[in-house]
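The opening residue of the sequence shown carries number 341 in the working numbering; numbering runs sequentially from there.
For glycine and all other residues, C-beta sits at the position ideal for the given N, C-alpha and C.
Everything on this sheet refers to the single structure shown next.
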Amino acid sequence: MKKNVFVRMIIVITLSFFVLSNSFAHETQLFSNFKKESNFAFGPKASFHFNKLYFNNNFTSSFEPGFEGGLFMRLGKKFYVQPELLYSFRQANFDVMVNQVQTNIDATNHYVILPVLLGYKILQSDNSNIHFIVGPKFAYRIATNKPQFDELLKPFEYGCEIGGGFDVWIFTLDLSYNFYFSRSNSSSLSEGILHQSMYNASLGIKL
341 MKKNVFVRMI IVITLSFFVL SNSFAHETQL FSNFKKESNF AFGPKASFHF NKLYFNNNFT
401 SSFEPGFEGG LFMRLGKKFY VQPELLYSFR QANFDVMVNQ VQTNIDATNH YVILPVLLGY
461 KILQSDNSNI HFIVGPKFAY RIATNKPQFD ELLKPFEYGC EIGGGFDVWI FTLDLSYNFY
521 FSRSNSSSLS EGILHQSMYN ASLGIKL
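In structure tokens form, the structure reads like this:
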């Protein structure tokens, strides 16, 4: 009796395994077909950049290195849209007058970045392309090691990215120029808009 029950359990488990395997294979094939037909791709992305701040006659920082990392999604064929969700690490070093005192700000800042890029493939083949990208970027500073930085400048930034690059197999490489704007958060600074320039090199992997 116990032997029959054991045999039945083995049969049920085996049949369940084959059903689940076939279902998973079917879903995988559907997703693969969707990616192929719609030219959908997503994956991780990382970049290295140099950024510089300048704000009217108040201050100008030096170019400082930083990096970004996160996820991107691409949907489209010759024209495509590419939203991203990124973490950004930036540095800033500048001298500024705070309450009539010359103060050095050497800050390490952390941001969440939301770019929405539009791309156009200038040349393309089956496994490669050369493309142009442009689109808005929105950033929010979530942390800084210098409280004075938060006191001087508002955390929200908006800007644009423009650049180009190429895809080879599953890799996508871009070189771009980014600029951001934000406003003063302190009466110590004159009215105006903060400008930030950034030169960026990024590498993504399309899964």
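Ignore the nearest five residues each way along the sequence and tell me which others in residue i's own chain have a CB closer than 6 Å to its CB.
| i | result |
| --- | --- |
| Leu-426 | Glu-408, Gly-410 and Ile-453 |
| Met-538 | His-389, Asn-391 and Asn-518 |
| Leu-393 | Ser-401, Ala-432 and Gln-536 |
| Leu-457 | Gln-422, Ile-473 and Gly-475 |
| Phe-496 | Tyr-480 |
| Tyr-460 | Phe-419 and Phe-472 |
| Lys-342 | Because Lys-342 sits at a pLDDT of 45, beneath the cut-off of 50, its placement in the model cannot be relied upon, and the point is left open. |
Locate the beta strand (DSSP E) running through residue i, then write down its first and last residues.
| i | result |
| --- | --- |
| Asp-514 | 511-523 |
| Phe-506 | 496-508 |
| Leu-415 | 404-416 |
| Lys-477 | 468-484 |
| Ser-387 | 380-395 |
In angstroms, rounded to a whole number, what distance separates the CA positions of residue i and residue j?
| i | j | result |
| --- | --- | --- |
| Lys-546 | Leu-534 | 35 Å |
| Gln-488 | Gly-499 | 23 Å |
| Gly-406 | Gln-464 | 31 Å |
| Gly-383 | Gly-503 | 20 Å |
| Ser-516 | Lys-477 | 13 Å |
| Val-508 | Asp-466 | 10 Å |
| Val-436 | Gln-442 | 6 Å |
| Arg-430 | Ile-482 | 12 Å |
| Asn-449 | Ile-510 | 31 Å |
| Ser-428 | Asn-540 | 12 Å |
| Arg-414 | Ala-381 | 5 Å |
Rounded to the nearest angstrom, how far is the Cβ of residue i from that of residue j, given a contact under 8 Å?
| i | j | result |
| --- | --- | --- |
| Glu-501 | Pro-455 | 6 Å |
| Gly-416 | Asn-379 | 6 Å |
| Ala-447 | Leu-543 | Between Leu-543 and Ala-447 the Cβ distance is about 27 Å, and since that is not below 8 Å, they are no contact. |
Mark residue i as exposed unless 16 or more other C-beta atoms lie within 10 angstroms of its C-beta, in which case mark it buried.
| i | result |
| --- | --- |
| Thr-484 | buried |
| Phe-330 | Since the first and last residues shown for the chain are 341 and 547, residue 330 lies out of range. |
| Phe-521 | exposed |
| Glu-424 | buried |
| Phe-412 | buried |
Skipping 5 residues on each side, what residues in its chain have a beta carbon closer than 8 Å to that of residue i?
| i | result |
| --- | --- |
| Phe-506 | Ser-468, Asn-469, Ile-470, His-471, Thr-512 and Leu-513 |
| Lys-494 | Ser-522, Arg-523, Ser-524 and Asn-525 |
Mind checking which residues open and close the alpha helix (DSSP H) that includes residue i?
| i | result |
| --- | --- |
| Leu-493 | No alpha helix (DSSP H) contains Leu-493, which DSSP labels as neither H nor E. |
Here's a check: name, in chain order, each residue in its chain whose Cβ is nearer than 7 Å to the Cβ of residue i, leaving out the five neighbours to either side.
| i | result |
| --- | --- |
| Phe-434 | Leu-393, Phe-399, Thr-400, Ser-401 and Ile-445 |
For the ligand ATP, is there any heavy atom lying closer than 7 Å to the beta carbon of residue i?
| i | result |
| --- | --- |
| Phe-429 | You won't find the ligand ATP in this model; it holds no ligand whatsoever. |
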